[in-house]
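Engineer: Right, I'll just put the structure down here and ask away after.
2 protein chains.
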Amino acid sequence: MGSMRLLPHPATEDIELTEVLRALSDPIRLKIVARLATVGEMTCGEAGDHLGVHKSTTSHHHRTLREAGVVCTKQEGRMKYISLRRDDLDARFPGLLDSILAASGDASPSAASRDQSVLAASGERGRR
Amino acid sequence: MGSMRLLPHPATEDIELTEVLRALSDPIRLKIVARLATVGEMTCGEAGDHLGVHKSTTSHHHRTLREAGVVCTKQEGRMKYISLRRDDLDARFPGLLDSILAASGDASPSAASRDQSVLAASGERGRR
DNA sequence: CGCATTGTTTGACAACCATAAAACAATGCG
DNA sequence: CGCATTGTTTTATGGTTGTCAAACAATGCG
Chain A
1 MGSMRLLPHP ATEDIELTEV LRALSDPIRL KIVARLATVG EMTCGEAGDH LGVHKSTTSH
61 HHRTLREAGV VCTKQEGRMK YISLRRDDLD ARFPGLLDSI LAASGDASPS AASRDQSVLA
121 ASGERGRR
Chain B
129 MGSMRLLPHP ATEDIELTEV LRALSDPIRL KIVARLATVG EMTCGEAGDH LGVHKSTTSH
189 HHRTLREAGV VCTKQEGRMK YISLRRDDLD ARFPGLLDSI LAASGDASPS AASRDQSVLA
249 ASGERGRR
């Protein structure tokens with residue numbers, strides 16, 4: 001049962017700034033990341049439902065984010081959960097993710113309620 | 129003679145996060161911005177010489193950065209100087225530019241004079 | 001005025017990208 | 001085991017991008 005595998009992703013020191021910025025420069029991927037910051041983790045189907053894109057497109061975005069070092073994927077059963085690599089990103093590029101998350105909250109009109117969750121998730125990070 | 133024109137660029141509130149991230153996700157443009165952070169301003173030819181790309185390519189990158197709201201262009205005589213829109217970016221996306229500049233200093237070993245100049249330029253603005 | 005200097009625009013080209021559909025793979029459930 | 005569920009890979013397509021070269025435009029200098 002609970003065989004939990006972790007998919008390969010780049011080491012922290014191999015994460016490149018331009019690739020992270022490029023990964024986050026796509027609106028859909030930015031939404032995925034913003035949502036991950038509040039929700040913690042997410043399956044592929046969940047992301048697709050929430051964003052209204054095809055599942056293969058979602059899979060592609062997840063791969064892009066993973067290869068850029070922004071998320072890591074953990075397989076549990078037949079689902080695959082992706083989650084933010086917050087600690088790794090903070091270690092490599094201090095403050096970057098937080099400022100991007102805060103900025104992504106500003107940009108959306110319905111950010112008022114969401115904004116606090118983002119900040120809360122940002123401050124409550126301590127495990128993993 | 130002293131006629132100084134300013135080229136059109138997006139208003140602060142129209143700067144979009146994804147476009148800024150996309151503009152900075154190109155290594156050459158990131159170098160341009162990192163250098164602007166230390167040097168203050170720069171002509172097109174200066175940038176081209178320093179980066180080893182064709183002048184038309186440089187011009188294209190300058191346009192991309194300007195349209196994304198990252199730099200503004202000021203024409204003086206027959207030169208055009210570009211400079212970072214630090215205040216506007218800080219107002220719209222607090223902390224974003226600073227964290228990217230700090231990260232770009234860490235990531236690029238080829239940048240000869242870097243982090244302490246970045247901090248100096250950032251500190252000369254009175255904030256932080 | 002002519003001309004060199006400084007950038008921009010256009011054209012061309014190869015590479016990459018976001019997207020979707022369909023085929024494929026893996027996994028657990030009954 | 002068969003099968004539904006969950007994602008990935010493949011294939012195709014339309015759009016975008018980075019690059020250079022060449023033509024064009026603007027500007028000040030002599």
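Chains A and B, in that order, are what the protein sequence lines are. If you use our numbering, the first sequence corresponds to residues 1 to 128, in order. If you use our numbering, the second sequence corresponds to residues 129 to 256, in order. Every residue, glycine too, gets a C-beta built ideally from N, C-alpha and C.
1. Output, in sequence order along the chain, the residues in the segment 217 to 228 of chain B whose CB is closer than 8 Å to any CB in chain A.
2. So, are the CB atoms of residue 101 of chain A and residue 149 of chain B less than 9 Å apart?
3. On the premise that residue 10 of chain A lies in contact with residue 69 of chain A, defined as a C-beta separation below 8 Å, what is that separation, rounded to the nearest angstrom?
4. In terms of residues, what are the limits of the beta strand (DSSP E) holding residue 5 of chain A?
5. Whether or not the segment 140 to 154 of chain B and the segment 187 to 204 of chain B are in contact is what I'm after, with contact meaning three or more pairs of Cβ atoms, one per stretch, closer than 8 Å; do they touch?
6. How many angstroms separate the CA atom of residue 141 of chain B from the CA atom of residue 220 of chain B?
7. Kindly indicate the opening and closing residues of the beta strand (DSSP E) around residue 83 of chain A.
8. Find the nearest neighbour of residue 234 of chain B within the set A/8, A/106, A/18, A/4, judged by alpha-carbon distance.
9. Enumerate, from N- to C-terminal direction, the unbroken beta strand (DSSP E) stretches of 3 or more residues contained entirely within the segment 152 to 185 of chain B.
10. What residue from B/205, B/204, B/169 has the CA that sits closest to residue 190 of chain B's CA?
11. Do the CB positions of residue 33 of chain A and residue 84 of chain A come within less than 9 Å of each other?
12. Grab me the residues of residue 143 of chain B's own chain with a C-beta within less than 6 Å of its C-beta, minus the 5 sequence neighbours each way, in chain order.
Structural biologist: Let me spell this out:
1. 220, 221, 222, 223, 224, 226, 227, 228
2. no
3. 5 Å
4. 4 to 6
5. yes
6. 7 Å
7. 79 to 84
8. A/18
9. 169 to 171
10. B/169
11. yes
12. 197, 220
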